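Okay, so here's the structure we're looking at.
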Amino acid sequence: MMTRSFTLPALAALALAGFPAHAGDPAAGKEKSTVCAACHGPDGNSPSPEFPRLGGQYEDYLYQALLDYKTGRRKNPIMAAQVENLSPADLGDLAAYFASQSGLYQKR
1 MMTRSFTLPA
11 LAALALAGFP
21 AHAGDPAAGK
31 EKSTVCAACH
41 GPDGNSPSPE
51 FPRLGGQYED
61 YLYQALLDYK
71 TGRRKNPIMA
81 AQVENLSPAD
91 LGDLAAYFAS
101 QSGLYQKR
């Protein structure tokens, strides 16, 4: 039993180690999102089917997607250029803002 009680917290710590703490600020994200609105719409709900809807997506998902564009794990030259000069805090703020918006399906 001693091994099990140690193993579960250790596994939980390892699982969380890959997720950065980025508690973003939605208000700051809104201010930083003006460039995003050109393609994704002011609230992250693009009027065009050519661009993904960001509104209402999970904050962690959005943060990771932005980080992946920044590091090159996701390949899109337009998005890579948009996030190139953004800090991790900027990415977190943007993720928090778009996550706080209503999406295709309303949040409960």
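At position 89 of the sequence shown (counting the first as 1) the number is 89 in the working numbering, and the numbers step up by one without a gap.
Quick reminder that beta carbons are idealized off the backbone N, C-alpha and C, glycines included.
Since the model is a prediction, treat every value here as computed from it, not as a measurement.
From the options, residue whose alpha carbon lies closest to that of residue i
| i | options | result |
| --- | --- | --- |
| L67 | G55, A37, A95 | A95 |
| P88 | C36, D60, G103 | D60 |
| A99 | Y58, A28, P49, P47 | Y58 |
For residue i, three-class secondary structure by DSSP
| i | result |
| --- | --- |
| L62 | helix |
| Q101 | coil |
| K75 | coil |
| D93 | helix |
| V35 | coil |
| A81 | helix |
| G29 | helix |
| D68 | helix |
| P88 | helix |
Neighbourhood of residue i by C-beta distance below 8 Å, restricted to the same chain and skipping five residues each side
| i | result |
| --- | --- |
| G72 | A80 |
| A23 | G92, A96 |
Close-in-space but distant-in-sequence residues of the same chain around residue i (CB under 7 Å, 5 per side omitted)
| i | result |
| --- | --- |
| D25 | D93, A96 |
| G55 | D43, G44, N45, F98, Q101, S102, G103 |
| D90 | K32 |
Same chain only: Cβ atoms within 6 Å of residue i, ignoring 5 sequence neighbours per side
| i | result |
| --- | --- |
| E50 | none |
| R74 | D68 |
| H40 | S46, F51, L54 |
| A28 | D93 |
Beta-carbon separation (whole angstroms), residue i vs residue j, contact threshold 8 Å
| i | j | result |
| --- | --- | --- |
| Y63 | V83 | Not confirmed; about 11 Å, so no contact. |
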